[in-house]
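Trainee: Here it is, the structure in full.
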Amino acid sequence: MALHKLLVDDFYDASFSLIAIHCRLEDYRLAYLLNKHLELNLKRKEHDLDYNYFDASFAIYEWENEKIDSVWNLVSNVCKKEEAGLQSSGSLFANQATVTRTINLLPELKKVDYLIKVTNEDRHFNEKIILNKIQTIPQVITTYIVDIDQLKSKEHLIFD
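If you count the sequence shown from 1, position 112 lands on 112 in the working numbering, and the numbers rise without skipping.
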């Protein structure tokens, strides 16, 4: 009897582009500047992305361009979470120290602050022009296209 093995990658459709942005702005400020420079209409989604049983949540903005049938998502790649740290001071009522833990949506891209995912079946936009427009924003340090095939945690990019 023949054995057939199905891999998850067999069903994965990479019909999107992924842009990495290095920037120290707050997410709402970056969304505003992207809307202004790229003529988008990104709006914050009602619910943030929650992963690992609410271990981390990531801000997400979305705009659906019905003219060219594309969806733009701006998502934070960094979640900073404060947790109570363990401290052995010998005192029952000593001040609790807090530890800030950083969690990344895509662990392979630890240095990236934000990601733009453009879902477009036909890829009707020029990535170079988009990158140049984003780079004109003074607060953006750098931006580049991410090779999706090199990502191990692609499943984190499924937003719906």
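Yeah, the Cβ is synthetic: ideal placement off N, Cα and C, and Gly gets one too.
Taking the continuous beta strand (DSSP E) assigned at L74, which residues delimit it?
Mentor: Where L74 is concerned, the enclosing beta strand (DSSP E) stretches over 70 to 76.
Trainee: From Y32 to L42, what does the alpha carbon distance come to, in whole angstroms?
Mentor: Approximately 8 Å between the Cα atoms of the pair.
Trainee: Assign A2 to buried or exposed, taking buried as 16 or more other Cβ atoms, counted over all protein chains shown, within 10 Å of its Cβ.
Mentor: Label assigned to A2: exposed.
Trainee: Can you look up H47 in the DSSP assignment and give me helix, strand or coil?
Mentor: Three-state result, H47: coil.
Trainee: Spatial neighbours of H22 within its chain, please: C-beta separation below 6 Å, excluding the five flanking residues on both sides.
Mentor: Here the set comprises D113, I141, T142.
Trainee: Below 8 Å on the Cβ atoms is my guess for K45 versus I60; work out the distance and round it to an integer in Å.
Mentor: That pair is a contact at about 5 Å.
Trainee: Roughly how many angstroms separate the alpha carbons of L131 and L157, rounded to a whole number?
Mentor: The straight-line gap from Cα to Cα measures roughly 20 Å.
Trainee: Give every residue of the same chain whose Cβ lies closer than 6 Å to the Cβ of L105, excluding the five residues on either side of it in the sequence, and list them in chain order.
Mentor: These residues qualify, in order along the chain: F58, N77, H156.
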